[in-house]
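**Student:** Every number in this note's numbering is 353 more than the matching position in the sequence shown, counting from 1.
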Amino acid sequence: MQLFSFIKEAGKKIFKSHDEEKAAEPEVQADVIAERQKDAIRQYIDRVGIHITNFDFTLDGNGKLTLTGECETKADFEKVALTAGNIAGITEVENNMTVASSEQAQTGPSTYYTVVKGDSLWKIAQHHYNDGTQYKKIFEANVPMIKNEDEIYPGQVLRIPS
354 MQLFSFIKEA
364 GKKIFKSHDE
374 EKAAEPEVQA
384 DVIAERQKDA
394 IRQYIDRVGI
404 HITNFDFTLD
414 GNGKLTLTGE
424 CETKADFEKV
434 ALTAGNIAGI
444 TEVENNMTVA
454 SSEQAQTGPS
464 TYYTVVKGDS
474 LWKIAQHHYN
484 DGTQYKKIFE
494 ANVPMIKNED
504 EIYPGQVLRI
514 PS
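1) Taking F430 and N407 to be in contact with their CB atoms under 8 Å, please state how far apart those CB atoms are, rounded to whole angstroms.
2) Can you check whether the CB of P507 is closer than 8 Å to the CB of K470?
3) Just curious, the beta strand (DSSP E) that I405 is in, first and last residue?
4) Taking 7 Å as the limit between beta carbons, can you name the residues of its chain near G402, skipping five residues before and five after?
5) Considering only C-alpha positions, which residue in the set Q382, G364, A363 is nearest to D372?
6) Return the bridge partner residues of E445 from the DSSP annotation.
7) Measuring only the C-alpha atoms, how far is N439 from F492?
8) Could you compute how far the alpha carbon of N415 sits from the alpha carbon of Q355?
9) Grab the span of the alpha helix (DSSP H) containing Y482 for me, first residue to last.
10) Suppose you measure from the CA of L474 to the CA of T421; what does that come to, to the nearest Å?
11) Throw me the rounded Cβ distance for the N363 and A441 pair, which I believe falls under 8 Å.
12) Please classify A458 as buried or exposed, where buried requires at least 16 other C-beta atoms within 10 Å of its C-beta.
13) Looking only at C-alpha atoms, which of A453, I398, S515 sits nearest to C424?
14) For the beta strand (DSSP E) that contains T486, what are its first and last residues?
15) Consult DSSP for V496 and reduce its assignment to one of helix, strand or coil.
16) Can you name the start and end residues of the beta strand (DSSP E) that I513 belongs to?
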C-alpha cells in the first residue's frame with residue numbers, strides 16, 4: 354500500500370463538487386452525486402490507457418480515493434495513483450493495487466514533487482538532477498498524465514524517476 358496526499362483545489366476538474374451539484378439540482382440525492390463522481394473518475398482513468406486488471410476504487414466524502422487492482426509495472430502503479438490524485442477534489446489516494454512483476458514490485462518508490470508557481474520541467478530537473486536538460490526524463494515518466502512539456506500546473510504531483 355502507498356498513500357499519496359494531494360491539494361484538493363489543484364488538478365483537472367472532471368466533476369462537480371457535492372455543493373455544486375446541489376446548487377444545480379437541489380433535489381439530487383447524495384448517492385447519485387457520488388455515482389456521478391465515480392463514473393467521471395473511472396472514465397478519466399480509463400482514458401489514460403494504463404492496463405489495470407480487476408480495477409476498482411472507492412471514494413469517500415472527504416476526497417479520499419482507495420484503489421485496488423493489479424498493474425503490470427511499478428511505473429503504472431504510480432502513474433494510476435498520480436492520475437487519480439491529480440483530479441480536483443481528490444485529497445488523498447490510498448493505492449492498494451499490486452504489481453504483477455515481483456522484480457518491479459521490489460524496486461523502491463519514486464520520488465514525488467508537487468509543482469509550485471513558476472516551475473517548469475527544466476527547473477524541476479535542475480533541482481533533482483542538477484541538470485535541466487534531464488527534463489525529458491521527468492516528462493516521459495509522467496506521460497500520459499501530461500501531454501506536453503508546458504502542461505504542468507501548481508499543485509500537480511509529478512513522478513521524478515531516479
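Where a beta carbon is used, it is the ideal one built from N, C-alpha and C, also for glycine.
**Tutor:** Let me spell this out:
1) Wrong, their Cβ atoms sit about 14 Å apart, outside the cutoff.
2) yes
3) 405-412
4) P497
5) Per the Cα distances, Q382.
6) Answer by DSSP bridge pairing, in chain order: S358, K417.
7) 15 Å
8) 18 Å
9) Start and end: 474-482.
10) Straight-line spacing of the CA atoms in L474 and T421 works out to 30 Å.
11) The amino acid at residue 363 is misidentified as Asn; the sequence shows Ala. Cβ-Cβ separation between A363 and A441: approximately 7 Å, consistent with a contact (criterion under 8 Å).
12) With a pLDDT of 48 at A458, under the threshold of 50, the modelled position of that residue is not reliable, and no figure is offered here.
13) Among A453, I398, S515, the Cα nearest to that of C424 is on A453.
14) Taken as a continuous stretch (DSSP letters only), T486 belongs to no beta strand (DSSP E), as it is neither H nor E.
15) coil
16) 510-513
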